[in-house]
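To convert a position in the first sequence, counted from 1, into this note's numbering, add 103. Where a beta carbon is used, it is the ideal one built from N, C-alpha and C, also for glycine. Presented below is the structure to which this report refers.
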Amino acid sequence: MLNTRINHQEIEVRKGPWTMEEDHVLINYITVHGEGVWNSLARAAGLNRTGKSCRLRWLNYLKPDVRRGNITPEEQMLILELHARWGNRWSKIARQLPGRTDNEIKNYWRTRIQKKLKQTDMIQYKSEMVPDNNSMSISQGNYSSSTLSDYSEPNLTTSQGSCGALFNTESIDSFWTIDADFEPSMQSLHGH
DNA sequence: AATTCCCGCAACCGCTTTCAT
DNA sequence: AATGAAAGCGGTTGCGGGAAT
104 MLNTRINHQE IEVRKGPWTM EEDHVLINYI TVHGEGVWNS LARAAGLNRT
154 GKSCRLRWLN YLKPDVRRGN ITPEEQMLIL ELHARWGNRW SKIARQLPGR
204 TDNEIKNYWR TRIQKKLKQT DMIQYKSEMV PDNNSMSISQ GNYSSSTLSD
254 YSEPNLTTSQ GSCGALFNTE SIDSFWTIDA DFEPSMQSLH GH
């Protein structure tokens, strides 16, 4: 745990991972008093944390309606779709996924999806190097945020319906089969 | 068994936007 | 309208744990 002295009054601001005790203090305080001005809240609750830190901890992990882990296939598709529309507007994307936070979606994108996209790029690159390569017809599925990120505000329909405008079924299949991890997801999406 | 490498994620940092005065 | 404080946001970092060697 890192402590930072912020002034001559020897007040130390705690940084780094939250302890269970700190979590309890924050939860109890907000349960009784509700959310408020975060800097004041941090002081009033007796937490030697910045308001920013308290806000982040509450919104991303402690708030009762936060859902964590196990991104569903539907959520995966929605994240893909919305990122294609809006780019890295994580908080905006998160608002379309009840219970999910911008931080979680951002991490999910960077650690899972972005990695797959890089692999897809490599495969496409290789296929372009071989002129008559019919077996690697993923070019339509090659997801490029630079070409897809300029969509205007979406008229959000069902995931499947609006996805069709951006990814046809064939291209989605090509994208997801890059990694066997995602096969169950696509199977359930396709209903088999 | 020990060490190194890699990956996922929680949390921080800095910038921008919003709000109150 | 100007200004400062707080909140919001996206990018990045660093730690912990598991996999690989």
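By a C-beta neighbour count over all protein chains shown, 10 Å radius and 16 as the cutoff for buried, is methionine 123 buried or exposed? The residue in question, methionine 123, is exposed, as its Cβ has fewer than 16 Cβ neighbours within 10 Å.
In three-state DSSP terms, what is lysine 166? The answer is coil: DSSP assigns lysine 166 none of H, G, I, E or B.
Just to confirm before moving on: does the CB-CB distance between glycine 139 and aspartate 168 stay below 7 Å? Cβ distance not < 7 Å, so glycine 139 and aspartate 168 don't count as in contact.
DSSP three-state label for valine 116, please. Valine 116 falls in the strand class under three-state DSSP.
Residue nearest to glutamate 178 in terms of C-alpha spacing, selected from Arg198, Asn142, Tyr132 and Leu150: Here the closest residue by C-alpha is Arg198.
Here's the rule I'm using: 16 or more other beta-carbon atoms within 10 Å means buried, otherwise exposed. How should threonine 315 be labelled? Past the boundaries of the shown model lies residue 315; the chain is included only from 104 to 295, so the question cannot be answered.
Applying the criterion that 16 or more other CB atoms from any shown protein chain within 10 Å of the CB defines a buried residue, is alanine 187 buried or exposed? Only buried fits alanine 187, as 16 or more other CB atoms lie within 10 angstroms of its CB.
Under a three-way DSSP split, which group does glutamine 199 fall into? Collapsing the DSSP output to three states places glutamine 199 in coil.
Under a Cβ-count criterion, where at least 16 other Cβ atoms within 10 Å of its own Cβ denotes burial, should alanine 147 be classed as buried or exposed? An exposed status is given to alanine 147, since fewer than 16 other beta-carbon atoms sit within 10 Å of its beta-carbon.
Could you give the first and the last residue of the continuous alpha helix (DSSP H) run that contains proline 181? One point to set straight first is that residue 181 is leucine, not proline, in the sequence displayed. Looking at the DSSP string, the run of the alpha helix (DSSP H) that includes leucine 181 is 176-189.
Is threonine 214 helix, strand or coil when you go by DSSP? Looking at threonine 214 - three-state DSSP - the assignment turns out to be helix.
Neighbour-count burial assignment, serine 194, 16 or more Cβ in a 10 Å radius: It is exposed - the Cβ of serine 194 has fewer than 16 other Cβ atoms within 10 Å.
Please report how far the alpha carbon of tryptophan 212 lies from the alpha carbon of leucine 159, in whole angstroms. Looking at the two C-alpha atoms, the distance is approximately 19 Å.
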